[in-house]
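In the order they appear, the protein sequences are chains Y and P.
Residues in the first sequence are numbered consecutively from 410, following this note's numbering.
Residues in the second sequence are numbered consecutively from 835, following this note's numbering.
Backbone N, C-alpha and C define an ideal beta-carbon position, used for all residues, glycine too.
Below is one structure, written out as structure tokens; comments come after it.
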Amino acid sequence: MNFNGWIQIGLFSLLVIGLTRPLGGFLVAVMEGRRTWLHPVLRPVERGIYAVAGIDETREQGWAGYAVSMLVFKVACFLAVYGLLRGQALLPLNPDAQAPVGPDLAFNTAISFLTNTNWQSYGGESTMSYFSQMTALTVQNFVSAAAGIAMAVAFVRGFARRSAASIGNWWVDLTRLVLYVLLPASIVIALVFVWQGVPQTFAGALDVTTLEGAKQTISLGPVASQEAIKMLGTNGGGFFNANSAHPFENPTALSNLIQMLSIFSIGAALTNLFGRMVGNERQGWAVFAAMGVMFLVGVAALYGVESQANPVLTAVGMDGSMGNMEGKELRFGIAGSALFATVTTDASCGAVNGMHESFLPLGGLVPLVNMMLGEIIYGGVGSGLYGFLLFAVVAVFVAGLMVGRTPEYLGKKIEAREVKMTMLAILCLPASILGFTALAVVLPGPVAALSAAGPHGFSEALYAYTSATANNGSAFAGISANAPFWNTTLALAMMIGRFLFVIPALAVAGSMAAKTAVPASAGTFPTDGPLFVGLVVGVIAIVGGLTFFPALALGPLAAHFAMTSSTLF
Amino acid sequence: MLKDIRPAVVTLAAFTVITGLAYPAAIAGLGQLMFPSQANGSMVLRDGKVVGSALIGQDFSSPRYFHPRPSATSAADPADASKTVAAPYNAANSSGSNLAPTAKALADRVKGDVAALQAENPGVPVPADLVTTSASGLDPDISPEAALFQVPRVAKARGVAADQVRALVEAQTAERWLGVLGERRVNVLALNMALDRVAK
């Protein structure tokens, strides 16, 4: 650890705080259909889409109608992506002659991108044509991100409205988020990336003769346009196999900072949107603060661990002063890599600028725990906020039990139906993560896909299902997951993590919207102060964290003690 | 549910055209116009020929050149396409080693590399980046310490004074962006091209 590293982490944190309020205000304006400076250009496009699609933008939907529209849209996305990948050899823009994507990989990839996970069982530059990258994967990066934000806004409407039967119109929310938020921001970010060195060309890979006379084939492509939305939409699926560690995806320390800010900015701004929509910005800042505390704990722990060298390597004569550099890029160093790994797993991004598999065992523990908590630390765009608010419901329920009062949150009574739905959503995460991991490690076939032996091999499987269920998409990437068992079970985990989580959440929103407000009294537990922040962080640590402790003991903790005692595998 | 089919198909088609075709094409047009070098991969020319990309590392093994970090990239085995062989700095297949910190293969590899470097420059600590693979396998940079470590070997192989080579390393050392972001580093390709210019 050094002073400069902390300065970089501090600077990043300040920039996130600075972006939260202005961006939150803009999001509210867009979602409420108010006129923005983009309207002269984009409003005709928006109206055109509604006209052709037969969408009445003034008609709202109840929670069930909203959920059904979302699911039908996802089915259409699945069919489109699956078809484009299977048929890519027949389609244009394939200068490097990529073969059709196989059925189980196309299935896994389609589910992966439509659930905003972007788990990749493949290496981009050796699998996908430019046409697939653009029309299948980039499009899903936009719409899956817009879907996450739309569902979060619908969820917040549930708290903000009184005696209401509807929570918004899915099609309108989706369209506005793509057109007014994600597209303009992506254009600006993509151009900054090109300036920094990210290629944007339709020419195929280039063969060069190096200084020593060897031949080097350099993969290129329309990288910058995909990179911008990959970060902003917390998607995380890389154009290249090495993702944001590849110098063409993330060439400089400045591009690295912009990538991390892109990951957090919308998630953080949604806390402010929440505050504004429920009529008290302090409510939003309380959520922001609880997330911020957990972020800082994570980044401090990871930076601290990775600043240490692997004792096994210093024992054979390597100088340890740089820290653990295996699987890290020099231009980011330990601080830039630790911060990125924390940010990408706090959110559901899953882009990586260093290889998590080669982190020290306790270093790899931090991304794992971030994901196991449900990625509610700013979180995936949208999913972070509704995930966090479900934990907030549990926290006020626990507080209500302690004092023997009916719990209330934001003036709404929390009753049996809401608590049941909340627990259903929260419990599907450990059920999927632990269930699938147990299955994979007891079956003889799937174990062959693990690259590491010993406890780290168990961590590899645990990380894969945690990442898939939490819709993150990062990996302990030594795993050879492009096999039917892994492609199929990981796709199931992604669907459970997305849809079995969000449908109960929308049901909670629907029943909250229908309730009347209870006026605050002396007995109301204030949810905009430090006591609430402490309580909700505690609930997240206990409910989210303790469930996974036995599995973490078998994986990263056992690997840590193996490493310190020089037991190698 | 059936009434959702038309909006689903129309919105997805519209977004495919807007975000999947128009948006990448617009970035390509603007990028090629505003930043033509970067948009095409920051290629580096010598005597009118492309010798590589400023952003992508390349393999150097001659003692006359500075060496990059070890690379874990691979390529399909020409003898058997179902297998892979080591191919350092294969810029068509980026990859880290993904070795676990408890992997015997990692400890053995580092042990061998450290021994070779210590034989070359005895008594000087071996910088970690010279014996660890990068995340992409294409890292274009090494630390200033790693460059300085190699100065005696390069100077000897080229028959020039070590001080002259050391001055070259210092001139090629890039500072943190605005003094804050990132790490101090030396681009290996740029350093070796500068070396070729001053000490043929």
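DSSP places M904/Y in the helix class (H, G or I) of the three-state scheme. Legend: CB atoms of the segment 936 to 964 of chain P lying less than 8 Å from CB atoms of chain Y belong to residues T936, A937, K938, L940, A941, V944, K945, V948, A949, Q952, P959, V960, P961, A962 and D963.
A buried status is given to W528/Y, since no fewer than 16 other beta-carbon atoms sit within 10 Å of its beta-carbon. For E455/Y, no CB of chain P lies under 7 Å from its own CB, so it is not counted at the interface with that chain.
Within 9 Å of the CB of W895/Y, no CB atom of chain P is found; the nearest one sits about 16 Å away.
In terms of Cβ geometry, P776/Y and A750/Y form a close pair [threshold 7 Å]. Note: M727/Y is bridge-paired with V960/P in the DSSP secondary-structure output. Between V803/Y and V948/Y, the alpha-carbon positions lie close to 7 Å from each other.
Contact check between the segment 680 to 695 of chain Y and the segment 548 to 568 of chain Y: three or more CB pairs, one atom from each, fall below 8 Å, which counts as touching. Cβ neighbours of E621/Y within its own chain (closer than 6 Å, five residues either side excluded): none. Exclusion of the five residues before and after R1010/P leaves G1016, E1017 and R1018 as the residues of its chain whose Cβ lies within less than 7 Å of its Cβ. A contact is defined here as three or more CB-CB pairs under 8 Å, and the segment 914 to 924 of chain Y meets this definition with respect to the segment 462 to 475 of chain Y.
Annotation: L586/Y to L432/Y spans about 13 Å, alpha carbon to alpha carbon. Look at the segment 969 to 999 of chain P: the residues with a C-beta under 9 Å from a C-beta of chain Y are A969, S970, G971, L972, D973, P974, D975, I976, S977, E979 and A980. N650/Y and N644/Y have their C-alpha atoms roughly 15 Å apart. Between N1021/P and chain Y, the shortest Cβ-Cβ separation is not below 7 Å.
Scanning the segment 678 to 727 of chain Y for uninterrupted alpha helix (DSSP H) segments of 4 residues or longer gives 690 to 715 and 720 to 723, listed from N- to C-terminal end. Judged by their CB atoms, M764/Y and G930/P are nearer to each other than the 7 Å cut-off. Scanning its chain for C-beta atoms nearer than 8 Å, with the 5 sequence neighbours on each side dropped, one finds around T936/Y the residues Q692, A695, A801, V805, Y818 and L819, in chain order.
Per the coordinates, the alpha-carbon of A915/P lies some 39 Å from the alpha-carbon of L838/Y. The shortest CA-to-CA distance from P922/P to any of S887/P, A906/P and N932/P is the one to A906/P. Residues of chain P whose Cβ lies closer than 9 Å to the Cβ of L748/Y do not exist, since the nearest Cβ in that chain is about 11 Å away. M877/P has S887/P as its beta-bridge partners, per DSSP. Contact between Y539/Y and L451/Y is absent: CB atoms are separated by about 26 Å, not below the 8 Å threshold. For G882/P, no CB of chain Y lies under 7 Å from its own CB, so it is not counted at the interface with that chain. DSSP places T1007/P in the strand class (E or B) of the three-state scheme. Taking the Cα positions, G496/Y is about 6 Å away from P509/Y.
Taking a contact as a CB-CB distance under 8 Å, the pair A922/Y and I576/Y counts as one, their CB atoms being some 6 Å apart. When the beta-carbon positions are compared, A654/Y and E738/Y come within less than 7 Å of each other.
Residue state for I627/Y is assigned as strand, using DSSP reduced to three classes.
According to the DSSP assignment, T753/Y belongs to the alpha helix (DSSP H) that extends over G742 to D755. Within the same chain, and ignoring the five residues on either side of T429/Y in sequence, the residues whose Cβ sits closer than 6 Å to its Cβ are A677, A678 and N681. Just measuring C-alpha positions, the residue of T936/P, E954/P, A926/P and D947/P sitting nearest G533/Y is A926/P.
Straight-line measurement puts the Cα of R468/Y at about 7 Å from the Cα of N578/Y.
G532/Y reaches chain P at N927, S928 and S929, counting residues in chain order whose Cβ is nearer than 9 Å.
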